[in-house]
Amino acid sequence: APCRGYLPWAVMNLLCLLVLLVMCRSVLSAWGTCGLWPMSASFGPMPGAWAGIVSIQDPWEPGTGHICGGSLISTEWVLTAAHCFINASSTWQVVAGATRLTHLGPGVQVRQIKQLWVHEHYTPGEERNDIALLKLDQPVVCSHHVQLGCVPDPTLKVSELKTCYIAGWRSTTTRGEPSDVLQEAKVHLIDAQLCNSSLWYTGAIHTQNLCAGYPVGGIDPCQSDSGGPLVCKDNNAAFFWLVGVSSWGKDCERANQPGVYTSIQHFYDWILVQIDPQPDRRASRHFVTAPTPPRKPRPIPTPLDRFSSCPFSLQKLVDFFNRVQELLQVLKRKLAREAG
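Numbering (my numbering), first residue to last: 2 to 341.
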């Protein structure tokens with residue numbers, strides 16, 4: 002049996018050091034990266050699941066005040082749907098790190114909206130260019146409850162991704178109130194040509210859209226999921242791409258009418274223009290970044306240079322080493338008792 006009292010202390014120290022390095026690597030890997038949104042168990046999201054999702058709220062609305070969902074793509078920027086802001090108020094706020102809206106918990110952070118950028122070609126009532134960016138009044142602090150989504154560039158072959166999820170505080174009925182508890186569902190990406198066919202959406206799907214759900218219906222976003230994320234797991238690694246923003250659908254859970262999402266990679270350059278602090282680039286509507294050649298397999302992505310990444314928390318590291326030291330003291334006392 003391992004860890005018996007007769008093991009030489011030099012060997013024990015070496016083993017402990019190796020364990021410490023492995024554990025430390027796992028801690029460090031959760032910071033400075035994106036797309037590390039853990040899925041929950043079958044009984045629903047746990048605290049810390051969907052760490053990149055936010056609730057956009059109107060404090061003056063009854064109940065939770067939930068209006069739309071959104072996704073953190075940097076510590077200062079939230080990606081969401083343009084149609085959420087047709088009747089927007091300056092009092093709206095962003096709640097990050099929540100799973101239950103009536104009991105926010107210690108991991109929740111609330112921010113005000115400093116700036117709103119709705120796509121310049123979005124027209125209310127139309128389905129095109131349904132995308133918007135919110136700049137927060139102050140950056141969020143990254144934690145196990147608050148992390149960032151990975152924005153895919155145009156080289157990612159989204160249609161080949163197999164494992165996808167949606168989440169939000171969705172209504173349980175078409176005209177119902179938003180849920181108090183974060184809901185999630187596994188969905189499949191549906192071929193755009195099929196989704197655009199005569200028995201489906203009859204030409205209403207554009208190149209900037211994604212369809213996700215099931216042909217027979219049963220799962221797709223309802224009203225309160227507008228602006229929320231569609232994420233898909235990378236086929237070669239354990240992180241998720243933020244591929245879509247929940248945009249529209251004919252009805253909740255109807256057959257042949259899945260949820261329709263704004264394709265984020267289609268607006269990759271637009272996003273860069275809005276968040277880039279350089280005025281000359283900000284003024285240009287046609288700033289194009291040089292595409293990077295595809296890599297097989299893709300490495301775990303880090304937020305782009307123009308996106309603020311989640312910095313590693315020194316206090317988290319200190320807490321981690323304190324817990325490791327306590328564990329080693331317990332093991333040492335146990336070995337001493339066995340040796341005696």
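Quick reminder that beta carbons are idealized off the backbone N, C-alpha and C, glycines included.
For Trp-78, the enclosing beta strand (DSSP E) begins and ends at 78–81. DSSP places Val-274 in the helix class (H, G or I) of the three-state scheme.
DSSP lists Phe-241 as the bridge partner or partners of Lys-234. With 16 or more other Cβ atoms from the protein chains shown falling within 10 Å of its own Cβ, Arg-171 counts as buried.
Three or more pairs of CB atoms, one per stretch, sit closer than 8 angstroms, so the region 142–159 contacts the region 254–273.
As far as DSSP is concerned, Leu-329 takes part in no beta bridge. It is roughly 12 angstroms from the alpha-carbon of Val-188 to the alpha-carbon of Val-217. Look at Tyr-202 here: in three-state DSSP terms it is coil, with no helix or strand label. For Val-142, the three-state secondary structure derived from DSSP is coil. Gly-71 and Leu-329 have their C-alpha atoms spaced approximately 42 angstroms apart. Inter-segment contact for the region 54–61 and the region 90–109 is present: three or more beta-carbon pairs are separated by less than 8 angstroms. The Cβ neighbour count for Ile-191, taken over all protein chains shown within 10 Å, is at least 16; the residue is labelled buried. When C-beta atoms of the region 107–116 are compared with those of the region 132–145, three or more pairs fall below 8 angstroms, so the two segments count as touching. If you draw a straight line from the Cα of Asp-59 to the Cα of Gly-229, it is about 16 angstroms long.
In terms of Cβ geometry, Phe-86 and Leu-117 form a close pair [threshold 8 angstroms]. Each residue's CA atom was taken as its position, placing Glu-178 and Ala-168 some 16 angstroms apart.
Burial check for Asn-210: the Cβ neighbour count within 10 Å reaches 16 or more, so the residue is buried.
Per DSSP, the unbroken alpha helix (DSSP H) holding Gln-194 starts and ends at 193–196. The three-state secondary structure of Leu-183, taken from DSSP, is coil. Boundaries of the beta strand (DSSP E) harbouring Leu-73: 67–73, taken from the DSSP string.
Boundaries of the beta strand (DSSP E) around Ala-168: 165–169. Exposure of Val-182 is indicated by the presence of fewer than 16 other C-beta atoms within 10 angstroms of its C-beta. Under the three-state reduction of DSSP, Arg-334 is assigned to helix. Separation of the CB atoms of Ala-50 and Cys-69 is rounded to 20 angstroms, and the pair is thereby denied contact status at 8 angstroms. In chain order, Ala-82, Ala-83, His-84, His-120, Tyr-123, Val-246, Ser-248, Trp-249 and Thr-263 place their CB closer than 8 angstroms to the CB of Asp-131, counting only its own chain and leaving out the 5 sequence neighbours on each side.
The alpha-carbon separation between Tyr-215 and Ala-186 amounts to approximately 11 angstroms. Only exposed fits His-104, as fewer than 16 other CB atoms lie within 10 angstroms of its CB. Beta-bridge partners assigned by DSSP to His-189: Gly-214.
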